[in-house]
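Numbering (the numbering used here), first residue to last: -8 to 144. Where a beta carbon is used, it is the ideal one built from N, C-alpha and C, also for glycine. Step one of this worksheet: look at the structure below.
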């Protein structure tokens, strides 16, 4: 007689780092990666924060200030762009319009959509469709960076 316990833990790339003498384990996640990412964001603060964060972790960035600028920058450097991060609501062309244009040239383009609006509001307004990767602002490094790394594998 007896009891058997089986514990199944998910596989992870996280590493545990223990401070010497404290016994306290801290999770360290490696966000470093590579590739070139086109960032289309109309808010200066968000755009610059994304650029600085991605470059800190080894990515190259190209920045665009609105939808038309994103299309122009894509056309200039399309052979070197590995993925796009698009704000859903931007002046001149929204993120979905930019994405649809890019897909006519590169059908398999990898993309993350970001917005301060909720996903259901964007869907109801027709600027977002099911199945696309969406992250709400404010963005968190712990959410954004693993998604980027996974997409670019």
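Minimum C-alpha distance to residue i - residue among the options
i, options, result
"residue 107", "100, 99, 127", "127"
"residue 60", "-2, 88, 73, 144", "88"
"residue 33", "42, 69, 56", "56"
"residue 77", "49, 133, 123, 43", "123"
Bridge-paired residues (DSSP) for residue i
i, result
"residue 79", "Looking at the DSSP assignment, residue 79 forms no beta bridge with any residue, so it has no partner."
Which of helix, strand or coil DSSP assigns to residue i
i, result
"residue 74", "strand"
"residue -5", "coil"
"residue 52", "strand"
"residue 126", "strand"
"residue 69", "helix"
"residue 24", "coil"
"residue 97", "coil"
"residue 91", "helix"
"residue 57", "coil"
Endpoints, beta strand (DSSP E) assigned at residue i
i, result
"residue 105", "101 to 106"
"residue 30", "27 to 31"
Exposure label - residue i; buried when at least 16 CB within 10 Å
i, result
"residue 25", "exposed"
"residue 28", "buried"
"residue 84", "buried"
"residue 141", "exposed"
"residue 38", "buried"
Where the alpha helix (DSSP H) through residue i begins and ends
i, result
"residue 84", "That residue, residue 84, is in no alpha helix (DSSP H); it is neither H nor E in DSSP."
"residue 135", "132 to 142"
"residue 46", "35 to 47"
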